Amino acid sequence: MTRLYEIEFEDSIRVKHELKLIFKKEIDVLDVAQKALLLSAYQIEERRTIVNKILNERKPIEVTENEFLWAYFSSEQTLRKEIIFRSFIIKKLVYQNNKTKLIVGLTYEKSRQWFD
């Protein structure tokens, strides 16, 4: 069963300050980043579900603390019209009734592990 995730930034002022340098002025930086991180979290779950199915395994599929989420920003959103990936780390998971809140912070992971 897929969990409902909610993204919360550990330091939203820092995230907004850093990301506003790459986005067009009319873009809501925090909203776009939250959507990109939600997509990343759900893609991780989907990949793990597929691997479990193919390999007949029952490994956990949920995202965990200290895991990287990669936010993808399209060329239409950025000032230089380039595709940008930005890494965030899950600092804390807060479980609520029917959803999990992911507290994320910026990180400077340089390499993208496409097949984790």
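Numbering of the sequence shown is given in numbering that gives the first Met the number 0, commencing with residue 0 and proceeding in unit increments.
Quick reminder that beta carbons are idealized off the backbone N, C-alpha and C, glycines included.
From a predicted model like this one, the values you see are computed outputs, not experimental measurements.
Member of the options whose CA lies at the smallest distance from the CA of residue i
i, options, result
"residue 11", "50, 22, 26 and 30", "30"
"residue 75", "47, 104 and 25", "25"
"residue 59", "33, 37, 91 and 45", "45"
"residue 102", "57, 56, 66 and 55", "66"
"residue 105", "78, 72, 73 and 68", "68"
"residue 28", "100, 80, 107 and 72", "72"
"residue 91", "79, 77, 107 and 64", "64"
"residue 107", "79, 38, 100 and 70", "70"
"residue 42", "52, 51 and 62", "62"
Segment limits, alpha helix (DSSP H) that includes residue i
i, result
"residue 125", "Outside the displayed span of the chain (0 to 115) sits residue 125, for which this structure offers no information."
"residue 90", "First-last for residue 90: 83-94, but that is the beta strand (DSSP E), not the alpha helix (DSSP H)."
Under the three-state DSSP convention, the category residue i falls into
i, result
"residue 99", "strand"
"residue 43", "helix"
"residue 106", "coil"
"residue 49", "helix"
The beta strand (DSSP E) enclosing residue i, as first and last residue numbers
i, result
"residue 6", "3-8"
"residue 72", "67-72"
Is the number of C-beta pairs between the stretch 93-100 and the stretch 2-16 that are closer than 8 angstroms three or more? yes
Is there contact here, the stretch 17-29 with the stretch 72-87, by at least three beta-carbon pairs under 8 angstroms? yes
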